[in-house]
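Enquirer:
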Amino acid sequence: MKRFYERVDPVASENGFTVTLDGKMVRTPGRRNLEMATQALAEAIAGEWRGQGEEIQPRAMPLTQLANTAIDRTRPHRSQIIDQVAAYAGTDLLCYRASGPPDLAQLQAESWQPLLDWAETTYASRLRVTTDIRPLEQSKEALLAIFRAVAASDDFVLTGLHAAAAASGSVVIGLALATGHMEPEEGYGLAQLDELYQIERWGEDSEARARREEVRDVLASATHFMALSRGAP
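Just so you know, the sequence shown maps onto residues 206 to 438 in the numbering used here.
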């Protein structure tokens, strides 16, 4: 799509803040008003629109895409999205450990266990770990605690949390990013720990590198989006 506007402004709106293009409010692909709760997010989204060249490149506008998703998909299907995100607790990456080699098992324990301990302290959710390939049945109490933490998120944070959990395979990593407990690069390192371990020993191919970079980009964008949705600069 060719750029069709000249002026971009983040402005106050009836339901918080929005972005206007030549004085007209941006609308989502679902034809809903693109409105958000924080000025910080509106300013960042306005920056994405200003940064477009002669051709609009949606992939270069991750915050806009996440806001569209929050309004068009998360809000009308909130209960289903909560269920989807909370379900990651039942198969969370951090809970499935290698039985060997010993250095990988140790690396996983040293890297992943502190975050599970944080989840227990923060949300009273004690998730068990296993080296078995069979699914691990977590306690109802632990799963309910994660569900409540996810459900406490507003539509915009929930959207970022969904993206982060899906990219990392871990709702615990997602919650750590959502609350500012962890930086996205650390989350990326934890999510890709096994892959990075293998790369050190066997090298990598371009296709695998592209997949990892996509995970890195998603976690960075989702974390930034959640922070801005909370009003962080």
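Think of the CB as a built atom: it goes at the ideal place given N, C-alpha and C, for glycine as much as any other residue. These numbers come from a predicted model, not from an experiment.
#1: If A310 and R302 are in contact, beta carbons under 8 Å, what's the gap, nearest whole angstrom?
#2: Answer yes if the stretch 337 to 351 comes into contact with the stretch 253 to 272, meaning at least three C-beta pairs across the two stretches below 8 Å, and no otherwise.
#3: How many whole angstroms separate the CB atoms of A347 and A427, which I take to be in contact at a CB cut-off of 8 Å?
#4: How far does the beta strand (DSSP E) with S330 in it extend, from its first residue to its last?
#5: Judging by CA-CA distance, which residue of D214, E405, Q313, K345 is the nearest neighbour of V334?
#6: From the DSSP output, in three-state form, read off A437 for me.
#7: Among the candidates A396, G436, E400, R406, whose CA atom is the shortest distance from the CA of T384?
#8: Excluding five sequence neighbours on each side, which residues of the same chain lie with their C-beta closer than 8 Å to the C-beta of V216?
#9: Which class does E315 belong to by DSSP, given the choice of helix, strand or coil?
#10: Per the DSSP calculation, A217 is bridged to which residue(s)?
#11: Quick check: the Cα distance between D360 and R353, rounded to an integer number of angstroms?
Expert: On the basis of the data shown:
#1: 6 Å
#2: no
#3: Their Cβ separation, rounded to whole angstroms, is 24 Å, which puts A347 and A427 out of contact at 8 Å.
#4: Premise fails: S330 is in no beta strand (DSSP E) and is neither H nor E.
#5: Of all alpha-carbon atoms in D214, E405, Q313, K345, the one lying nearest the alpha-carbon of V334 is that of Q313.
#6: coil
#7: G436
#8: F222, T223, V224, T225, A247
#9: DSSP, read as helix, strand or coil, puts E315 in helix.
#10: F222
#11: 14 Å
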